Each structure stands twice: as C-alpha cells, then as structure tokens.
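K.L.:
Shown below is the structure under consideration.
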Amino acid sequence: MKEYNIVITGVGGQGVLTAANILGWAALHAGYKVRMGEVHGMSQRFGSVVSYVRFGEEVYGSMVPEGKGDVILAFEPVEALRYINYLKEGGMVVVNTKPIVPVQVSMGKARYPTLEEIRKIVEEDFKAKWIGFNAEELAIKAGHVVTTNTVLIGALTQIPEFPLDAEHVREVIRLSVPPKAVEMNMKAFDLGVQAAKEILGL
Amino acid sequence: MAKVTDMVLWDKPGERVLLLGNQAIARGALEANIAVYAAYPGTPSSELTDTMAIVAKKAGVYMEYSTNEKVAFETALAAAWSGLRAMTAMKHVGLNVAADTFLSAVGMGVEGGFVIMVADDPSMWSSQNEQDTRVYAKFANVPVLEPSDPHEAKEMTKYAFELSEKFKHFVILRTTTRSSHARGDVVLGELPEEIKTGKRKFGNFKKDPSRFVDVPANARKFHPIVLEKIEKIREELNNCPFNRIEGKEDAKVGIIAPGLSYAYVKEALHWLGVDNVKILKLGTPFPVPYGLLEKFFDGLEKVLIVEELEPVVEEQVKTWAYDKGIRIPIHGKDLVPRVYEMTTRRAVEAIAKFLGIPTPVNYEELDAKYKKALEIVPPRPPSLCPACPHRNSFFAIKKATHSKGIYPSDIGCYTLGLLPPLNAVDTTVAMGASIGIAHGLDVALNGVPGEDERKTGKEKKVIVATIGDSTFYHTGLPALANAIYNRSNVLVVVLDNLVTAMTGDQPNPSTGQTPHGEGRRIPIEDVAKAMGADFVAVVDPYDIKATYETIKKALEVDGVSVVVARQVCALYRIGQMRRKGEKWPIYYVDEEACTGCKICINAYGCPAIYWDEEKKQARVEPTMCWGCGGCAQVCPFGAFKPVEGGEE
Ligand code: SF4
Ligand code: SF4
Chain A
1 MKEYNIVITG VGGQGVLTAA NILGWAALHA GYKVRMGEVH GMSQRFGSVV SYVRFGEEVY
61 GSMVPEGKGD VILAFEPVEA LRYINYLKEG GMVVVNTKPI VPVQVSMGKA RYPTLEEIRK
121 IVEEDFKAKW IGFNAEELAI KAGHVVTTNT VLIGALTQIP EFPLDAEHVR EVIRLSVPPK
181 AVEMNMKAFD LGVQAAKEIL GL
Chain B
1 MAKVTDMVLW DKPGERVLLL GNQAIARGAL EANIAVYAAY PGTPSSELTD TMAIVAKKAG
61 VYMEYSTNEK VAFETALAAA WSGLRAMTAM KHVGLNVAAD TFLSAVGMGV EGGFVIMVAD
121 DPSMWSSQNE QDTRVYAKFA NVPVLEPSDP HEAKEMTKYA FELSEKFKHF VILRTTTRSS
181 HARGDVVLGE LPEEIKTGKR KFGNFKKDPS RFVDVPANAR KFHPIVLEKI EKIREELNNC
241 PFNRIEGKED AKVGIIAPGL SYAYVKEALH WLGVDNVKIL KLGTPFPVPY GLLEKFFDGL
301 EKVLIVEELE PVVEEQVKTW AYDKGIRIPI HGKDLVPRVY EMTTRRAVEA IAKFLGIPTP
361 VNYEELDAKY KKALEIVPPR PPSLCPACPH RNSFFAIKKA THSKGIYPSD IGCYTLGLLP
421 PLNAVDTTVA MGASIGIAHG LDVALNGVPG EDERKTGKEK KVIVATIGDS TFYHTGLPAL
481 ANAIYNRSNV LVVVLDNLVT AMTGDQPNPS TGQTPHGEGR RIPIEDVAKA MGADFVAVVD
541 PYDIKATYET IKKALEVDGV SVVVARQVCA LYRIGQMRRK GEKWPIYYVD EEACTGCKIC
601 INAYGCPAIY WDEEKKQARV EPTMCWGCGG CAQVCPFGAF KPVEGGEE
C-alpha cells in the first residue's frame, strides 16, 4: 500500500483529536510511516474542526491534499460536507448522523440541511459511498456519549480495503483509555463494527 | 501508547514514537542538554512550552511561564550569557513583543547556545496577522532553521544549539502551524546524563560591560560584528546536514524548497509523476548558503522556488544570481501565492504551470462541486464554551450599557464575544491593546479632566474594555497605568478565569501556580488599587445580576474603574471534574414554562441551547450542558431548571 488518507471532521470537543491519535498509533504499530495534522487553539472551541491521518510506505505533508482522501470520518453530518473537497472520487464517508445545530441556525440566521440533501451531494456529486448511522445513540448504549469516537472508529475498520487490522486498532484503544473505561469502549467499538457490517451487508 | 510526557523523557535511544512537532522540539532540547527554558504561551507554539513544563522538574531544567515574550526572552538570554543552553518560544506576533530586547541584544551574542523558537501561523488559524519570521531574522541578521517534519524538528533543535554555541550567535528555529501541529514518527536519540538524572545546571556570568552594556560607544561595534558573523554562518551552512541537493543530477530544471515546503514539493512531484528535476532542500532559508546554490545551479535552465509567504529565499537567490551573471529564468512568487499557507495542491499547481503539464486532479471541476456543496453548509465558527463565565460578563456589560457602549477587547477566548448574539467586541488589535485603545477612544471622543472642553451626560460615549487575566499581566499593566495617570474615563472589565485558557490552561500571576510548585498569586484587584484606579470591585460572573449591578455602579464613577469578573474557566473546571469522576448539574427546558421568546438564544447564546423547530421552544442538549445555571438567570419565564440528580 502506497498511502492511505483519512480526514476526520467534527465539532470541537467531540473527540476528533483522540480518534486521530488512536488511528495514528495503530498505523505506527503496523509499521507504517505516519503523518498527522490537527487543530489547536481558538478553533477548538465548539467550532468546526478537522484532523488528518496519513500513513503508508511514504507520506509527506501532514495535511491530506484536496481530492486525495480515501475516507472522511465525520462526527457530525454537515461537517462531512464542509471538508468534502478532500475526498477522492469514489471515496467513503463514514458519518455520525446526529446533528449538532450551530448557534447561527438556532438564531434563524442560517438553515441546517436535511440528511437527504447532504447524502445526495456526497453520493451524486462526489460519487462517494455513504455509511451513516447514529453513533451517539450507540455510544450511550455502550455506557457513555464520550465513546462516540470509539463507535465511529469501529465502523471505520469495516470499510472495504481499510488497511489496518480491526483487532489491532481495538488493542490500541484498550491501551489508551483509562482502565475503568476499557470495557465500555470495547463495547462501543463492537457496536460500531456491527453497525457498519449491517450497512455494508457483510 | 505511553503518555506523551513519558515519551519525551524516555531513555530509549532508537525507539520510534509518534510525536507532535512541538513535542519533538522539546525532546530535541532535552537531548541537547538544555538548562533554562522560559516562554509565554501562544498558538501554535504552546505545546512546546507545556511539554517542557511537565518534564522540567524531572529533567533538572529550570522552566517558567513568563508574563510576556520579552521577559521570557530576557530570562533565557541571561542564562545563555551565563554559559548555559537556553531556549525561549513564542508565536510570530510574540516576537514583536520581544523585538526590543532581541534586536538590541543580537550584537552582544551569547556564551551558551541560545535558541529562539518562533511559530508562524500562515493562513492565521489562530492569529491576528500572517507575518513571516524569516523577514525578522533577516532584519536582525540571525540565522533561521526550518524543519520539514517532526523528526527533523528534533534533530534541528540539537543542531541549532550547536550552531549557536559555535558562533556565539542567536539562532531562530522557525516552525509553522503545520509543522508545530504535525504529528509524525520520531526516532529518539540519546539523553545526556544530567537530563537523565535530573541534575540542575548552574551557569557562570563573566562580567564584561563593553559587551553587555549597549551604550552607543559599545553598540557601534556590534553591527559590523553581526554582519561578519552572518557571512561566516552562511559559509558554514554549506555543510549543514539539513541542506542538500537531491533528485536527478543532470536535470535541466530545478526546484528550491525551504522548510516545510520541501514536504509539499516532494509529494507534488510524486503525484505528478515528475522525476526529471533537481531539488534543493533548504533547511536554512536565511542565510541561503551560496556555495550550495552554485552547485545546484550548475547545468540548470530554469528554477522554481516554492516557499510559503514572503519571497525571502527568492530575493536572496535572485540577488546572488544577478551578481554572478546567471541569467536563467528564476520563478517564485509569480507562480506560488504570497498569502496563506502552502498546500500540496498549491505546490502541484505551481509545478504544473512551471513545467507546462496538467494537474492530476481537475481542480476547476472540484472547486465547482465543492462550491455547490458549501451552499447548504451553515457556518460554524468557534464559540465560547457552554458555561463560559465570559458569556455572562459580556451579557451583563451589554445590558448595563443598553448595547450602546464601545467595546474594545483583547486577545484570548473572549475575543469570541465578537460573534452574535453577544456582539460585544468592537476592536481587537494585539495583546494588551484593549486598555490602550479604550483610553485613546476616550481622549478622541470624550476629552479628559483638565481640558477646557469635555463631553458629559448623553454626549459622553461609554467605553468598556475587556481583557483577560493573562493578557492583563502580559501587556495590560503599562496601559492601565497610562489610563489612570492620564485621567481616562473608562471601565476595564478584567475577565479573570484564573488560567491562560485559549492556549491550553497555562498558569499566570492570577493563577499563582508555577511548574516548580507554588508561585505567589497576584490578585488583579490589588494591582488596580495600588495603581490608583477610581473604582475597584470583584464579582462572580456566574451571578449575572450582581455582575450587572456592579458594572452599573462602576459606570457612574468618573475615572478609571476596574471590575474583576472572577470565575474559573469552564473548560478547565469540567476537565478537572471529569478526571476526578465528579458529576455536575445539567439543565433542561420546562415545556410548560417556555414561551418561545428566544432570549436565551438571541441574546445569550450558550451553544448547549438549541431551537426545537416543531415545538417552537428552546431545548438543552444534555451532552453539552456544563451546568452553570446562566440560562436560568437569563430566562424571564423561569423555564430552565436543573435536572434532578445531575449528570456526569
Ligand atoms: S476555554 Fe474557558 S475561557 Fe475559553 S471559552 Fe471555554 S470556558 Fe471560556
Ligand atoms: S446551565 Fe444553561 S447556560 Fe449553563 S451550560 Fe447548561 S444550558 Fe448552557
């Protein structure tokens, strides 16, 4: 495998950085060269955020180039669209369908699109595959909403041609969360795996 | 996956770990046996300072969070004068604050290695401007090293100390947001015995007034010395391990790629499938080593310089080529944008144009599709956190001034008070500028006591400056002294959340803690009183009514009023509670009571509150509520109530 590019998007505070870090370590353990780019500072405060995870035999910059992302892992539906320019044609969008409505929308100054509108652009204009489900709901089922990122990572490991071994990623999560949260996260991971399998018909 | 701070101190040479660029630099400084580190946090440099703070005690390094970049610079400089290896770090605009000392001290040189890490922020992800530190370096005649990846950042840090010590000169290690905040595999090197055992190193200051006192008679000798040094360093950099020529030796076209642009150029060439080029990888954009240029230009018919922001390398190369009588085309800023950050796409487009070949992606088509997609995407700028005490302070200020005041503000999380619905920030220029601007506005619009004409009553403009605790100590102090001394008539609200929140909760004099233990806390109200402010009060912004009333009272006072709105940063508090497994209350909207007036959304704007389109009522998103109770105080109908039992 030459290189694999993951773009992780969401809202500040959702755990985008943590997810990126877990995938980065899993790739490093798998022997790949790794580059990651992330946001810090002001933009982290409940604004739109994006992180990049790139790995392979040879990778260079820390940002995924536009039109070169293999997959977008979106923690929030409109955030998938905001960074859709990074996706390659025929790429994948794995998305948590639970929206976080921006203040501007609540104030009536902007409109939040429907899920169907978002999906249509992804599938028709960008010719990408859409794997959408309510990851937050599954996270709560696993024990706590903070495991939403683990659910999404679980789902990510199931997409076709994903180069990292699911068990391997699971192990990195086990080692990186606090001991008392291990069980909950393992459950969250499995729920994510299951959700993706159902959607993909595996 | 060990803790980052453990990895930075791991005694495991050869181990491959995943580190942030800034953490890799910290490791490099430790491998170089650093003794003193002082800095003021600023994105994108902060994680270097935070990492040093955590490992300092164990590694025997003296480390401090200074009140601003100038004093940090002076602390580290004095250590370097005493023969120790010392470092300071700042963001690009921080160098402006330190510039006074920096430019005057360059001529004096150093004894121990002195490295100034400056993190630029092209595209201004978290900054007020886009200045290029390499221009400063050229101005000061100080060499700049610029890494292209995290591992190189670590290695370069070590080299920077050696270079500095060898020439007894300052060295700047320049990063950008994308190198400071890039994570990549780093191979750990050896740690010196003193770092491993945590032995604190002490220096020795040899008095030499002819060198360390810059009275004109001495200073006159400095400038020629500096110019001589920089030319010697230019020579030396011909052999710098971070400068090299690669690619096809007999190629007719060449590309010069300094710093991080090297990574983008490599990627672009790879993607374009172009290998018939010669590349000059430049780790030292200033001074560009001429010997290497000579070798590189040999046989070339045209050259492209791919650099971010200002044409620093381009100007040096063109000047050199002109003097040498080299007349081949040299491209740069004609093909590479001069604003915003470099990307692979930009490198691809520039190289494609330079070589007259097509790009691998049809960008026109992509842009059109993307533009269409963005049409339905609502904006989501960063916002003050749920339960952020600043929201309440702004709300009270707006109410007390009937939204008719002028609101100069400052640099920090609270700059986000700019956004609707608060709209409580009218100016933000630089650290500490809120008070200076407020005073200037008062002079310009109202007049001060002692002047023949002075606006009063309805004619008088109400001016309320807001400034954070860290910023207050950074550069707010002289501005406050100036306003009080010159009899200004302004209200200064110090938003004291007891940490430097925006950059990651670093301590400051209002916090009191230092990385080595208890420091001495300096309460802001004591300072304001000692300076002679006409009215000083402390309030808890979580009590909106009391805050409002205090502000009203302060506005009636003729003179400078200082209201300290003190409540710990909500993000910091929730982080602490989470770690301890503590619970906090959360609120919900009583459907019976909510009239749908939207005051909570249109005037207050906690991000945890959203609008239920169907029921036409406000709702609280339970996963985002941090339980401050602000909504309950703002709602005129008592619709917000705490959930029984709370939530974690
Ligand atoms: S980090 Fe703290 S100060 Fe900054 S917006 Fe959040 S709560 Fe407010
Ligand atoms: S209590 Fe109200 S204002 Fe405070 S965080 Fe929760 S919803 Fe926001």
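Sequence lines, in order, name chains A and B. According to UniProt numbering, the residues represented by the first sequence are 1 to 202, in order. According to UniProt numbering, the residues represented by the second sequence are 1 to 648, in order. Glycine included, every Cβ here is placed at the ideal spot set by N, Cα and C. Quantities reported herein were computed from a predicted structural model and do not represent experimental measurements.
For a test of the three-state rule: what should DSSP assign to A:Gly-24, helix, strand or coil?
P.N.:
If DSSP states are grouped into helix, strand and coil, A:Gly-24 belongs with the helices.
K.L.:
Could you check which residue in B:Asn-482, B:Gly-412 and B:Thr-475 has the C-alpha nearest to that of B:Gly-440?
P.N.:
Considering only alpha carbons, the answer is B:Asn-482.
K.L.:
From B:Leu-480 to B:Asp-132, what distance separates their C-alpha atoms?
P.N.:
Looking at the two C-alpha atoms, the distance is approximately 30 angstroms.
K.L.:
Counting only Cβ pairs nearer than 8 angstroms, list the residues of chain B close to A:Met-63.
P.N.:
Simply Arg-178, Thr-343 and Thr-344.
K.L.:
According to DSSP, simplified to helix, strand and coil, what is B:Thr-5?
P.N.:
Helix at B:Thr-5.
K.L.:
Under 8 angstroms, with one C-beta from each stretch per pair, do the region 554 to 572 of chain B and the region 510 to 528 of chain B reach the 3-pair mark?
P.N.:
The region 554 to 572 of chain B, when compared against the region 510 to 528 of chain B, does touch it at the 8 angstroms Cβ threshold.
K.L.:
Which parts of the region 35 to 64 of chain A are runs of the beta strand (DSSP E), unbroken and 3 residues or longer, counting only runs that do not cross its ends?
P.N.:
Counting whole runs of 3 or more residues, the region 35 to 64 of chain A contains the beta strand (DSSP E) stretches 48 to 56.
K.L.:
For B:Ile-411 versus B:Thr-471, is the C-beta spacing smaller than 8 angstroms?
P.N.:
Contact flag set, yes.
K.L.:
What residues of chain A sit near B:Arg-174, judged by a beta carbon separation below 7 angstroms?
P.N.:
What B:Arg-174 touches in chain A: nothing, since even the nearest Cβ is about 16 angstroms away.
K.L.:
Are the CB atoms of A:Thr-148 and A:Gly-15 within a distance shorter than 8 angstroms?
P.N.:
Yes.
K.L.:
Taking 7 angstroms as the line, does the beta carbon of B:Asn-96 fall inside it for any heavy atom of ligand 1?
P.N.:
Result no, Cβ not under 7 angstroms from ligand 1.
K.L.:
Taking only the alpha-carbon atoms, compute the straight-line gap between B:Val-317 and B:Lys-91 and give it to the nearest angstrom.
P.N.:
Roughly 27 angstroms separates the two Cα atoms.
K.L.:
Among the candidates B:Trp-611, B:Met-502 and B:Ile-609, whose CA atom is the shortest distance from the CA of B:Pro-41?
P.N.:
When each option's Cα is compared against that of B:Pro-41, the closest is B:Met-502.
K.L.:
Determine, for A:Val-50, whether the minimum Cβ-Cβ distance to residues of chain B falls below 8 angstroms.
P.N.:
Not one chain B Cβ lies under 8 angstroms of A:Val-50.
K.L.:
I'd like to confirm the pairing. Which residues does DSSP put opposite B:Glu-64 in its beta bridges?
P.N.:
Answer is B:Ala-38.
K.L.:
At 9 angstroms on the CB atoms, spell out the chain B contacts of A:Arg-111, in chain order.
P.N.:
Correct list: Ile-376 and Pro-378.
K.L.:
Compare the Cα-Cα distances from A:Val-93 to each of A:Ile-8, A:Val-172 and A:Ser-176 and report the closest residue.
P.N.:
Cα-wise, what sits closest to A:Val-93 is A:Ile-8.
K.L.:
Could you tell me whether any non-hydrogen atom of ligand 2 is closer than 7 angstroms to the CB of B:Gly-627?
P.N.:
Yes, ligand 2 has a heavy atom inside 7 angstroms of this Cβ.
K.L.:
Going by CA-CA distance only, name the one from B:Pro-509, B:Tyr-414 and B:Cys-597 that's closest to B:Phe-640.
P.N.:
Closest by alpha carbon: B:Cys-597.
K.L.:
Quick one: grab the DSSP three-state call for B:Cys-635.
P.N.:
Reduced to three states, the DSSP call for B:Cys-635 is coil.
K.L.:
Quick one: is A:Trp-130 near chain B, going by C-beta distance under 8 angstroms?
P.N.:
Not one chain B Cβ lies under 8 angstroms of A:Trp-130.
K.L.:
Got a sec, what are the start and stop residues for the beta strand (DSSP E) B:Pro-258 sits in?
P.N.:
Run containing B:Pro-258: 253 to 258, per the beta strand (DSSP E) assignment.
K.L.:
Can you name the residues of chain A whose CB is closer than 8 angstroms to the CB of B:Trp-626?
P.N.:
Those within 8 angstroms of B:Trp-626 in chain A number zero; the least Cβ separation is about 11 angstroms.
K.L.:
Comparing the CB of B:Leu-571 with every heavy atom of ligand 1, is any distance shorter than 7 angstroms?
P.N.:
Indeed, a heavy atom of ligand 1 lies less than 7 angstroms from the Cβ.
K.L.:
May I have the straight-line CA-CA distance separating B:Thr-511 from B:Lys-57, to the nearest angstrom?
P.N.:
When rounded, the distance between both Cα atoms is 19 angstroms.
K.L.:
Would you call the region 107 to 118 of chain B in contact with the region 78 to 85 of chain B, where contact means no fewer than 3 C-beta pairs closer than 8 angstroms?
P.N.:
The region 107 to 118 of chain B, when compared against the region 78 to 85 of chain B, does touch it at the 8 angstroms Cβ threshold.
K.L.:
Can you pull the chain B neighbours of A:Ile-84, defined as C-beta to C-beta under 7 angstroms?
P.N.:
Result: Tyr-370 and Ala-373.
K.L.:
Which complete beta strand (DSSP E) runs does the region 208 to 263 of chain B hold, if anything under 3 residues is left out?
P.N.:
Counting only runs of 3 or more, we get 244 to 247 and 253 to 258.
K.L.:
Using a Cβ cut-off of 8 angstroms, pull out every chain B residue sitting near A:Gly-12, in sequence order please.
P.N.:
What A:Gly-12 touches in chain B: Pro-382.
K.L.:
For B:Lys-641, which of helix, strand or coil comes out of DSSP?
P.N.:
If DSSP states are grouped into helix, strand and coil, B:Lys-641 belongs with the strands.
K.L.:
Got a sec: is the Cβ-Cβ distance from A:Val-169 to anything in chain B below 8 angstroms?
P.N.:
Not one chain B Cβ lies under 8 angstroms of A:Val-169.
K.L.:
Can you check DSSP and say which residues form a bridge with B:Val-536?
P.N.:
Per DSSP, B:Val-562.
K.L.:
In its own chain, which residues sit with a C-beta less than 7 angstroms from the C-beta of B:Ser-148, not counting the 5 before and 5 after it?
P.N.:
Closer than 7 angstroms at Cβ, skipping near neighbours: Gly-259, Leu-260, Tyr-262 and Ala-263.
K.L.:
Which residues in the same chain as B:Ala-251 place their Cβ atom closer than 6 angstroms to its Cβ, once the five residues preceding and following it in sequence are excluded?
P.N.:
Cβ within range, chain order: Asn-276, Val-277 and Lys-278.
K.L.:
Output yes or no for whether 8 angstroms exceeds the beta carbon distance between B:His-516 and B:Thr-67.
P.N.:
In this structure, B:Thr-67 does not lie closer than 8 angstroms to B:His-516 by Cβ.
K.L.:
Cα separation between B:Val-568 and B:Gly-629?
P.N.:
Near 15 angstroms, if we compare the C-alpha coordinates of B:Gly-629 and B:Val-568.
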